[in-house]
Amino acid sequence: MKREELVDITSTRPGTPGGRFMRQFWLAVHRSEDLAKGHAKPIRIMSEDYTLYRGESGRAQVFAYRCPHRGAPLHLGWVEGDALRCLYHGWKFDCGGQCIEMPAEDANFARKVSAPSFPTREHMGLVFAYFGEGEPPAWPPYPAPPQEGLIHCWNVETVPCNWLQCYENTADEVHVAFVHRPGGSHAKLAADLPVISAEETDWGMLRYGTRPGGQVRHTLHYMPNTTRVIVPPLAGFDGVGGWQEIYFSFTPIDDENHLWLITSHVKVAGAEAERFLAKKAEFLEKVRQAPKVMDVVHDVWAGRRRLVDIDHPELAMVQDIAVQAGQGRIADRTKEHLGRSDAGIILWRKMLARELAAIAEGRPPKKWRVPPPDVVPIVGV
Amino acid sequence: MKREELVDITSTRPGTPGGRFMRQFWLAVHRSEDLAKGHAKPIRIMSEDYTLYRGESGRAQVFAYRCPHRGAPLHLGWVEGDALRCLYHGWKFDCGGQCIEMPAEDANFARKVSAPSFPTREHMGLVFAYFGEGEPPAWPPYPAPPQEGLIHCWNVETVPCNWLQCYENTADEVHVAFVHRPGGSHAKLAADLPVISAEETDWGMLRYGTRPGGQVRHTLHYMPNTTRVIVPPLAGFDGVGGWQEIYFSFTPIDDENHLWLITSHVKVAGAEAERFLAKKAEFLEKVRQAPKVMDVVHDVWAGRRRLVDIDHPELAMVQDIAVQAGQGRIADRTKEHLGRSDAGIILWRKMLARELAAIAEGRPPKKWRVPPPDVVPIVGV
Amino acid sequence: MKREELVDITSTRPGTPGGRFMRQFWLAVHRSEDLAKGHAKPIRIMSEDYTLYRGESGRAQVFAYRCPHRGAPLHLGWVEGDALRCLYHGWKFDCGGQCIEMPAEDANFARKVSAPSFPTREHMGLVFAYFGEGEPPAWPPYPAPPQEGLIHCWNVETVPCNWLQCYENTADEVHVAFVHRPGGSHAKLAADLPVISAEETDWGMLRYGTRPGGQVRHTLHYMPNTTRVIVPPLAGFDGVGGWQEIYFSFTPIDDENHLWLITSHVKVAGAEAERFLAKKAEFLEKVRQAPKVMDVVHDVWAGRRRLVDIDHPELAMVQDIAVQAGQGRIADRTKEHLGRSDAGIILWRKMLARELAAIAEGRPPKKWRVPPPDVVPIVGV
């Protein structure tokens, strides 16, 4: 039996090898623009609930979900400065977690009580938090491209399956020719399919897609859950923005759901940036008017509509989620028949299984480095 | 470990100590005005299903949920006089449970079959039933105020959490200053917070809220699930009706849901009563047009809306349910940090744990008396 | 204890005695007219998922649900001729299950991989499949009436309860006088109730309903899940079509849900057939405009509406599902009080329990014959 069948590489629940592994890294948990000053909201990450709020100074903070007094959800309360006050009885906590006020209690009770607070920072339009023990790893979790440009952060999607399925899909270059061309002439595309190879690096995995003409596409897979790749102009943008660098992150909500967070770096400035933003506004308006992605996916899954008949501004998202979450809430990897085109997935699983086995058996895991800024993805098509 | 951590004080499933305890009392199960003559409906109380119907004479009756023949839900059938006829094959039962007709069977079969029927009575606009063994306790379950007045029964809410959380909240006078003043100046209110104390009585618990000025508010907590308190004029009533006596009852549907039943005694008569009823009609019309309370609560829980931004005719209900059911379907009491303001809750849990331990260990429980009419709540503010 | 209490006669999960029993027969799984050429959809039968598709030649095929490569649902893909191509990486399978193309893999990999495919045929407007081992039994699963006529296949309903409850109801002639006459004078009808008797045959069960006047109605119960009976002109058809022969089939989706598939043979031809089809179009238009059957049933179950107050073009379906699925997802048969009118149900359960016990104990089950065309139902009223 292979090691990846002995260790559960999909679970990130607290205490599991995967849960302990993932808690060693900064993880993207929210889109920055979706968190207004003075607002608090609930988030669920790796099967645990948290409060996420942005203080009046602009500081984002991941905090305990429940008040230590009687368990009220803290996001119901008030943000006061960068502190948080519970709705139920007015207990107030500074952003480090210390209780600093208990209106109806003895004066010395507050200093004895605190709530967990988690290192929180922002990068390329996303809020990251660190849920592990001790000091968080180096910052930022991955480098931005060196060029001038504009950060474009996509709508965050909640996907009803284990995070690893969608992560694996980013190492599966062949799927593009089929999943994203329903009804099209895939026979022709099939002739141009890349040959996939991959190698482990000290920050994750570097994957190559070699085309029949000899061009090689380089894609970066950063540990533990982010893929950096160059993609064509976005559908619905009429070429504006050109080829972009995209960072896909897949953060577990629990073992059967995850957040799909996408930030991209568009090489535009000045008037070109204005044109891009205008296209983006148009696109977002179309999205607002369209059925929700998951509603369309559920229609497709139930057989009420055929995927090949769907027209939708976020069609690629519909296609990806339909097929990847369609593999099951947690895909049964024991029934697969993997081929040479699955080389990237095979290597990633080996690395993950090796690391989780080390954690499970108490051996020291690999020391992952922050990715160097000069290793960048290459289009290669 | 404390006794209330050894006994499960939250469960009322049949056979549990809590289930046996609660089945010793009359319990409110429905609002009288919601049950029309000749109508039958399903109710679920303490994890068991029942049929509730009102005979053509006006008599309310709690009855078995299923026909003993082949298990059809009896509320689907016909109310005939004060009897109930099953839809499936026409078996007819008198309100005491005896089968009195089986159209397609041998003549002597009916008298061999009966279905459970439960003592059922009405008081202050609510239907009460007794689910225990032997004779029910004295009637009524609690006294009405002696003054002339009008009974005003609120819309019944189904709350998605264990009954004890919302019951405990009625012993938590401090929450009012915070939960029901979102966005308001709670700092000022905090200065006026009451000091809480409580004592056990032979019918439940008497709780005192002593204000800095020396006034003392008295609130009555009747065993097992009713609180009697004097409250200010209702929101949206412009002061009409004045301070009312309110009886809150929390009846378990199952361990994770309960009915919040509220009846009140408004000291009005004649023209003043007309004005009150006109205000009530206005208020109910606003409620009908507003989003459902639980829909708003779910928006708040999911972080789609902030509680402090909500405007709703039943705002207090939204606030209460958001925070109390927000503690979890069954709150985890092992993680609490209780203070002096929780004195009422602490005493109630001790009493409950003591009684349930007695039941679990086969010792005789306390004999609770029907509350005397002359112990009444006092405003004290 | 009776044998039917020792063997679970309700479950058809793979590996259970009931699951092994049911997999010996052709089972109706879909309405033919709901499956267009070139379309694929998911179906779930006896707790297992499948792909159902109709090739471009018109051939219907039940196929594996997931691609053997990486588990993508095959119904998301393309029907090409009578073959099926997976959306994820373009693997193509012929209708027998052999993989015949893998665009991104080595040329010799495809012939090593296949997916399960199941014998599939069509009869009287329904798609049947065989899920057992070895060769399927004789075809067709039951005879059509010999007369000229028109096949009328009803809308298929998904019923949220175990299949056996609704099947048993077809052996329960007495229910008609009550379930389908709410608000009517059932006292009068009760006087005419039939006396029920039944006998086992080599293809199932023949059941008799003897009326006080001496007429006898014959109903055929074909193993394992189909009942053939003559019924009055359909509600809403104004007598057009006359008395029809109806075949009810109840195919398990899983143990708590089933498909109710109804096909009927209407003895009309020429102008009379045209009139029938016009009435049918009118009726279907009314159904399209009416609330969904299950929405009405849920209103009734929750007590929001009384069954006796409902007006609906598919009222009989609403009534049947309300009472039969109202018995519970899987009815608790241990609490029943059966009478002489339940003779058909009692015999059927005995037969089923005997067969399932034989399977469980490794004894040879009865060899069921295909029903002879000359044993036909008789109206008898």
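If you're matching them up, the sequences are chains A, B and C in order. Take the first sequence: its position 327, counted from the start at 1, is 327 in the working numbering, and no numbers get skipped. Take the second sequence: its position 190, counted from the start at 1, is 190 in the working numbering, and no numbers get skipped. Take the third sequence: its position 82, counted from the start at 1, is 82 in the working numbering, and no numbers get skipped. All C-beta atoms in this analysis are idealised placements derived from N, C-alpha and C, irrespective of residue type, glycine included.
At a Cβ threshold of 9 Å, is residue i touching chain B?
| i | result |
| --- | --- |
| G184/A | The pLDDT assigned to G184/A is 43, lower than 50, so where the model puts this residue is not dependable, and the model offers no usable value. |
| S341/C | yes |
| D299/C | no |
| C153/A | no |
| H30/C | no |
| F118/A | no |
| R13/A | no |
What first and last residue would you give for the beta strand (DSSP E) that runs through residue i?
| i | result |
| --- | --- |
| K41/A | 40-45 |
| H30/A | 26-31 |
Under 9 Å, Cβ to Cβ, is there at least one residue of chain C near residue i?
| i | result |
| --- | --- |
| F63/B | no |
| A104/B | yes |
| W260/A | no |
| Y50/B | no |
| G71/B | yes |
| G328/A | yes |
Quick one: is residue i buried, meaning 16 or more other Cβ sit within 10 Å of its Cβ, or exposed?
| i | result |
| --- | --- |
| N225/B | buried |
| N162/C | buried |
| G183/C | Bear in mind that the predicted position of G183/C carries a pLDDT of just 42, short of 50, making it too unreliable to give a figure here. |
| G81/C | exposed |
| R363/C | exposed |
| K367/C | exposed |
| N108/A | exposed |
| A278/B | exposed |
| K112/B | exposed |
| S185/B | For S185/B, the predicted structure reports a pLDDT of 36, less than 50, and the residue's modelled location is therefore unreliable. A value from the coordinates is still provided. By the neighbour-count rule (16 or more Cβ atoms within 10 Å), S185/B is not buried but exposed. |
| V308/B | buried |
| W78/A | buried |
| L284/A | exposed |
| Q165/B | buried |
| L193/B | buried |
| D172/C | buried |
| D332/A | exposed |
| R349/B | buried |
With DSSP collapsed to three states, give me the class of residue i.
| i | result |
| --- | --- |
| V308/C | helix |
| I9/C | coil |
| Y167/B | helix |
| K367/C | coil |
| V174/C | coil |
| G184/A | Any reading at G184/A needs caution, since the residue's pLDDT is 43, under 50, leaving its predicted position unreliable; the model's value is listed next. Residue state, collapsed to three classes: coil. |
| L74/B | helix |
| I330/A | coil |
| S57/C | coil |
| V179/A | helix |
| F109/B | coil |
| M102/A | coil |
| D320/A | helix |
If you follow the alpha helix (DSSP H) that residue i is in, where does it begin and where does it stop?
| i | result |
| --- | --- |
| P357/C | According to the sequence as given, residue 357/C is Ala; it is not Pro. Run containing A357/C: 343-361, per the alpha helix (DSSP H) assignment. |
| W301/A | 293-301 |
| G270/B | 270-289 |
| F21/B | 17-22 |
Assuming the contact rule is C-beta atoms closer than 8 Å, residue i and residue j should be a hit. Round their C-beta distance to whole Å, please.
| i | j | result |
| --- | --- | --- |
| Y88/A | F178/B | 6 Å |
| L35/A | V127/A | 7 Å |
| G380/A | H265/A | Not really, about 18 Å apart at Cβ, beyond 8 Å. |
| L261/A | F21/A | About 19 Å separates the two Cβ atoms, so there is no contact after all. |
Chain A beta carbons: is any one of them nearer than 9 Å to that of residue i?
| i | result |
| --- | --- |
| Q319/B | yes |
| L338/B | yes |
| L87/C | yes |
Would the beta-carbon of residue i be found less than 8 Å away from any heavy atom of the ligand NAP?
| i | result |
| --- | --- |
| K112/B | Absent from the structure shown: the ligand NAP. Ligands present: none. |
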